[in-house]
Each structure stands twice: as C-alpha cells, then as structure tokens.
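**Q**
Numbering (my numbering), first residue to last: 23 to 592.
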C-alpha cells in the first residue's frame, strides 16, 4: 500500500497519455502536482496570461497533431483561460483543459459567498466537447481517460476538468486504482469507411470529366496530405482547401487554387462535375458549399468524407457520404481509382482556370504598384515569405494584416500555417508562435502580426525570452485598427471613429526591455537585413515595420471576406 496525493495521481495519468509539456499558470491548489512534476519527466511552460497559455497549447497540438494540456488556477485563473479555449473549440483543436476549484464541501452545491468560487462547469460547458468535476480521488484516472477520449473523438476539440483543492491534496492507496495505458494507444485501426461506398466514390471520380478535390482541416489532423495530393495528381484534378487547411497542398502546385482566388475557384470547382470534399464542412468562409464557387446541388455531384457523421451534408446536400478517417479513406479510395483508370491528363478546360488565376496574380501585383509614399504591407509580406524556407511555420495575426498575408504569403508545406481561420481571434499570434517553436524546435517560426493584434499578448515576449525560443516576430505597424478603418470607410461613415492607436509606440523597444532583439524598419530595403539579424541573434526577435496606413486600408481579400461574412442573406 502506498499513499499518493491527487496531484501525483494526476501526473501519473498524464504520463500514461504521453504528456511531456504542459502550459498554464498554477496557483497553490496545484502544489501537490508541482511537488512531483520533475519526477514524472514533464516540462511546465509558465505563461503570463492563462488565455495565452491556452493559445500556446493549441498551437502545440496543431503542429504535433495530438492533444495538449493547459492548466489554470482556481476562479480567475480558470476564467482567464476561456477565450483561449473558445478559440480551440472553434478551430477543432484537442485540448485537455484542467483547473483547480475550491474544496468540495463548499461548492457541491455552492454554499454562496466563498472566495474565488464561480460555476466553472457552467462557464466551460458551451465551449468544450465535454466537461466534468472530479469529486473523488479514485475517479481521476477514469476521468482523464474520458477526457482524452472526448478530445480526440470524431470531431476534435477541448475538454475541461475541474479538480477541487481537497481532491488535489487528498491521498489514497495507489494500488487501489488502475491507471491504464494511453487511450490513444488503444484506439485500434482508424475507421476506413464503408467499402461499398468507397467503391462507388471511386467509380464517380474515375468517370468524372472535370474532377475537383477540396480539403478541410480534417485532412491535416489525419496526416492525410500525401494521400490527398496523390489522388489529386492521379486524376489531374483541381485542388482547393479551406482557409484553415492551407498547406495540405503546396500553394505553388500547378493545379491548386487559392481560397481568395474567387474567379478561378468559381471555374475550377464551380464547373466540376464531381467534387470530393475531405475533412471539411463547407462553412461560411467556403461559401456554404454553394454557387458561385461550387456547383449547384443537383447539377454537381459531391462526395463528402468526414470522421464526424454530423458534418456530412451539414450545409448542402451530398450525393455520397463516407464516414471514416480521412487518411484511411483516401488510401482506399486511391487504390480503387488506380484500378479503374490510369493517371489522367488534365481536361481541355484546365488552362482557362490558370488564365483566371494568372489574372488574379496580376491584380495582386498591380496592388503593389500603388504609389502611396510609404512602405507597402504587401511588399513586406513578400520579403518575409522569400526569406524563410518552405517548411518554416508561418503564424498570422490581425485583421487587414492577415488578409495581406493570405494573398502574398503562400503556404508550401503541411502543418506550417497557424491562424484562427474559423474564430478570427486577435492576439493569438505570439502565443501560437511560442507553442509552435516548443512543438517543433528544429523549424524556423515567424509571426506576422498587426500592431492592434500585437497589443493583446505582447507580454508573452518575456515568456519567449525566458524559455530561449528564437522566434521572429514582424509587427506591421499602421498605427491603428486597420480592418475597422476599412469597414467604416466602406460603410460610408463621415469620419473614422476610434480607429487610431498611439503612433509613438516602439514595439521594438518593448522587446528589448524584455531581453529580446528589437529593430525598427522604416524603408523596404532595411527589411531583409533586419530579418537576417533577427534569425541569427539566437533569441526572440521583434521587427517593427512602419507600413503606410493608407495602403493598409485595402488588402486584396477584403471585399471577398466582406462578401462572405456580411452578405445580406444566406
């Protein structure tokens, strides 16, 4: 018989799940946990704000393709995490969210008037896949197993467990509970989909005259990019991705069409006779799967593959649905297609799609030619992209800044792009960059952020310095809320209302004060040398780039974004 605290039992459970890194801010309720942390070989990354810690954990999960753990303290600490958890919920990222809670005798039920007590389960229930309270020491292993099962289920997402302080410091006989091997190790073979449905889908694709493939983020979570690309190449199909799945197909691939290249999308995907949608729900930024960038239901056949059955046919009728793991289904589908047809040549109309795409590229280049007397944000983005290798992890944050990066910063490798494509949460960028560097220390990490977005979590530069994480941060400084300026201008407001930020802020000096490398760039010729110094300094670096505010008002994708999100009716 060996007594073990709840804190140590929690560590033992997490160790069985393969956890090596945790994120968050811990209070005294986690002292029994901290007392044995090193004994279990885990590293705790201590952030400066709990929401930022959740963003770091989400980035780690997205780059590694597995759940990450974030922890907050009782009451305010757990409440602070919520915005980070909401983002992970929207993006479909698996997080194990843990927090302390007051002792059971005053919260189950709530006695009223207790210090730092709030209904955390009620707070987290709407923004998690599952949540629960640990009311007994002996149930910790069971509930941790359940948490991992729920987080990595058919649609990944965050889960939440509150652990009362008396459960954390309480003890029990370690021999009286079973801490099983990792749930992920017991899942068995991924669901391969119904064989008959796969054969039917293969027949449709092999017979298609103008096939197209569309990837959602499920392709990335399933590590299915190789199979997706192989099928697209065998069929010489047009290939597209959702905004969040950028990188599944290298964006310099000759048959790839960018999410903002709307005319080419309307032709290549809209005119396709058969479209295979894998791991995506065809949501709002994908036009709900409807014309003009998709064919009309009844005229265009759609095959949808998703591990979550509730996602199939969610936004448009589909002709064939296949429930299964994206990688397993694509592998089986590729084998069936190869039996039915040799590698296909491009169909006769494909060159017309490229013509439309070249016209879009020419429009992008013309935008860069505008003479506005200052540093152009599009040129800034181009230089940053050219500087970093293909597999560098690119993090985007901001309103208009993110639209500039979407247009001028091609993503060329899988799991190399971090952005809140579904939730659009400002301030994720710096925490994402930190989490990404911890997840993949061998890969360069660069963040391009607007100055407004940078203000949300600027303090995490200290975190990056404390952990010696050599990330490069480029702040596009237009001295204001760029997208709000654009929105008010396009709406015809007589003047811009509360859109300006203080023009004298020196983000590079803030970085230096936190022990990082900082530089100010006021001319385009200064940018590449600054990037070279930043990449070579061996510590976090921030480059403040003073872009022309007027040029920043009209990034190429803003009208497309507005037409999708602010349409009068659906």
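C-beta: ideal position from N, C-alpha, C; glycine also.
Since the model is a prediction, treat every value here as computed from it, not as a measurement.
Could you tell me the distance, in whole angstroms, from the CA atom of residue 497 to the CA atom of residue 74?
**A** Locating residue 497 in the chain shown gives position 475, counting from the first residue. Locating residue 74 in the chain shown gives position 52, counting from the first residue. Distance between the alpha carbons of residue 497 and residue 74: 18 Å.
**Q** Taking just the CA atoms, how far does residue 324 sit from residue 317?
**A** On the chain shown, residue 317 is found 295 positions in, with the first residue counted as 1. On the chain shown, residue 324 is found 302 positions in, with the first residue counted as 1. For residue 317 and residue 324, the distance between alpha carbons rounds to 9 Å.
**Q** My guess is that residue 47 and residue 89 are in contact by the Cβ rule of under 8 Å, so how many angstroms apart are they, rounded?
**A** To locate residue 47, count along the chain shown from 1; it is residue 25. To locate residue 89, count along the chain shown from 1; it is residue 67. Incorrect: roughly 20 Å between the Cβ atoms, too far for contact.
**Q** Going along the chain, which residues of its own chain have a beta-carbon closer than 6 Å to the beta-carbon of residue 244, five neighbours each way excluded?
**A** Counted from its first residue, the chain shown places residue 244 at position 222. Only 347, 348, 349 meet the Cβ criterion.
**Q** Using C-beta distances below 7 Å, list every residue in its chain close to residue 353, excluding the 5 sequence neighbours before and after it, in chain order.
**A** If you number the chain shown from 1, residue 353 lands on position 331. Contacts found: 249.
**Q** If we count the other Cβ atoms within 10 Å of its Cβ and call it buried at 16 or more, is residue 515 buried or exposed?
**A** To locate residue 515, count along the chain shown from 1; it is residue 493. Exposed, since its Cβ has fewer than 16 Cβ neighbours within 10 Å.
**Q** Give the straight-line distance between the Cα atoms of residue 294 and residue 235, rounded to the nearest whole angstrom.
**A** To locate residue 294, count along the chain shown from 1; it is residue 272. To locate residue 235, count along the chain shown from 1; it is residue 213. If you take the alpha carbons of residue 294 and residue 235, they lie about 9 Å apart.
**Q** Quick check on residue 519: does DSSP put it in helix, strand or coil?
**A** Counted from its first residue, the chain shown places residue 519 at position 497. Here residue 519 sits in coil by DSSP.
**Q** Identify the continuous alpha helix (DSSP H) that holds residue 402 and give its terminal residues.
**A** What you label residue 402 is simply residue 380 of the chain shown in a count that begins at 1. Following the DSSP letters along the chain, one finds residue 402 inside the alpha helix (DSSP H) bounded by residues 399-409.
**Q** Taking 9 Å as the cut-off, decide whether the C-beta atoms of residue 544 and residue 555 are in contact.
**A** Taking the first residue of the chain shown as position 1, residue 544 is located at position 522. Taking the first residue of the chain shown as position 1, residue 555 is located at position 533. Against a cut-off of 9 Å, the Cβ pair of residue 555 and residue 544 comes out as no contact.
**Q** Hey, out of 26, 526, 450, 551, whose CA is closest to residue 201's CA?
**A** In the chain shown, residue 201 corresponds to position 179, counting from 1. It is 26.
**Q** Is residue 65 helix, strand or coil by DSSP?
**A** If you number the chain shown from 1, residue 65 lands on position 43. Look at residue 65 here: in three-state DSSP terms it is strand.
**Q** Under 8 Å: do the stretch 48-65 and the stretch 170-184 share three or more Cβ pairs, one atom per stretch?
**A** No contact exists between the stretch 48-65 and the stretch 170-184.
**Q** For residue 229, count neighbouring C-beta atoms within 10 Å of its own C-beta (all shown protein chains included) and say buried if the count is 16 or more, exposed if not.
**A** By 1-based counting over the chain shown, the position of residue 229 is 207. The residue in question, residue 229, is exposed, as its Cβ has fewer than 16 Cβ neighbours within 10 Å.
**Q** Is the CB-CB distance between residue 454 and residue 434 below 9 Å?
**A** Walking along the chain shown from the start, residue 454 turns up at place 432. Walking along the chain shown from the start, residue 434 turns up at place 412. The answer is no: Cβ separation not under 9 Å.
**Q** Closest by CA to residue 126, which one among 104, 144, 155, 115?
**A** By 1-based counting over the chain shown, the position of residue 126 is 104. Looking at 104, 144, 155, 115, the one whose alpha-carbon comes closest to that of residue 126 is 155.
**Q** Taking only the alpha-carbon atoms, compute the straight-line gap between residue 252 and residue 139 and give it to the nearest angstrom.
**A** Along the chain shown, read from residue 1 onward, the residue named residue 252 stands at position 230. Along the chain shown, read from residue 1 onward, the residue named residue 139 stands at position 117. C-alpha separation (whole angstroms): 54 Å.
**Q** Quickly, what does DSSP pair residue 472 with across the bridge? List them, please.
**A** Here the question's residue 472 lines up with position 450 in the chain shown. Paired residue(s): 498.
**Q** I need the boundaries of the beta strand (DSSP E) containing residue 612, first residue and last residue.
**A** In this structure the chain extends from 23 to 592, so residue 612 is not present and cannot be described.
**Q** So, helix, strand or coil for residue 109, using DSSP?
**A** For the purposes of this step, residue 109 is identified with residue 87 of the chain shown, where counting begins at 1. Residue state, collapsed to three classes: helix.
**Q** Starting from the Cα of residue 242, find the closest Cα among 562, 443, 85 and give me that residue.
**A** Mapped onto the chain shown, residue 242 falls at position 220. Closest option to residue 242, Cα to Cα, is 85.
**Q** What separation, rounded to the nearest whole angstrom, lies between the Cα atoms of residue 420 and residue 285?
**A** Working through the chain shown from its first residue, we reach residue 420 at position 398. Working through the chain shown from its first residue, we reach residue 285 at position 263. Roughly 25 Å separates the two Cα atoms.
**Q** In terms of alpha-carbon separation, which member of 392, 512, 328 lies closest to residue 570?
**A** The residue you call residue 570 lines up with position 548 of the chain shown. Nearest C-alpha to residue 570: 392.
**Q** Counting only the same chain and skipping the five closest in sequence on each side, list residues whose C-beta sits under 6 Å from that of residue 128.
**A** Taking the first residue of the chain shown as position 1, residue 128 is located at position 106. Excluding residues within five positions, the ones whose Cβ falls inside 6 Å are 136.
**Q** Between the C-alpha atoms of residue 262 and residue 308, what's the straight-line distance to the nearest angstrom?
**A** To locate residue 262, count along the chain shown from 1; it is residue 240. To locate residue 308, count along the chain shown from 1; it is residue 286. Cα-Cα distance, rounded: 10 Å.
**Q** Alpha carbon to alpha carbon, how far is residue 371 from residue 257? Give it in angstroms, no decimals.
**A** Taking the chain shown and counting its residues from 1, one reaches residue 257 at position 235. Taking the chain shown and counting its residues from 1, one reaches residue 371 at position 349. In a straight line, the C-alpha of residue 257 is about 14 Å away from that of residue 371.
**Q** Looking only at its own chain, which residues have a Cβ that is under 8 Å from the Cβ of residue 305, when we skip the five neighbours before and after it?
**A** One-based indexing of the chain shown puts residue 305 at position 283. Cβ neighbours of residue 305 beyond the five flanking positions: 264, 337, 444.
**Q** Indicate the three-state DSSP secondary structure (helix, strand or coil) for residue 186 in the structure shown.
**A** Position 164 of the chain shown, counted from the start, is the residue given in the question as residue 186. Looking at residue 186 - three-state DSSP - the assignment turns out to be strand.
**Q** In the structure shown, what three-state DSSP assignment does residue 444 receive?
**A** Position 422 of the chain shown, counted from the first residue, corresponds to residue 444. Looking at residue 444 - three-state DSSP - the assignment turns out to be coil, as it is neither helix nor strand.
**Q** Span of the beta strand (DSSP E) holding residue 343?
**A** Numbered from 1 along the chain shown, position 321 holds the residue referred to as residue 343. Looking at the DSSP string, the run of the beta strand (DSSP E) that includes residue 343 is 342-345.
**Q** Helix, strand or coil for residue 25 per DSSP?
**A** Residue numbering aside, residue 25 sits at position 3 when the chain shown is read from its first letter. If DSSP states are grouped into helix, strand and coil, residue 25 belongs with the strands.
**Q** Any idea if residue 321 is buried or exposed, counting beta-carbon neighbours within 10 angstroms, 16 or more meaning buried?
**A** Start at 1 with the first residue of the chain shown, and residue 321 comes out as number 299. Burial call: exposed.
**Q** Which residue wins for smallest C-alpha separation from residue 203, given the options 34, 528, 380?
**A** Counting from 1 along the chain shown, the entry for residue 203 is found at position 181. With distances taken between Cα atoms, residue 203 lies closest to 34.
**Q** What are the boundary residues of the alpha helix (DSSP H) that residue 317 is part of?
**A** The count along the chain shown starts at 1 and reaches residue 317 at position 295. Residue 317 -> no alpha helix (DSSP H), and no H or E assigned at all.
**Q** Over the uninterrupted alpha helix (DSSP H) stretch that includes residue 252, give me the two end residues.
**A** Against the chain shown, residue 252 aligns to sequence position 230. Where residue 252 is concerned, the enclosing alpha helix (DSSP H) stretches over 247-257.
**Q** Shorter than 9 Å from the beta carbon of residue 84 to some beta carbon of chain B?
**A** Note that chain B does not occur in the displayed structure, where there is just one protein chain.
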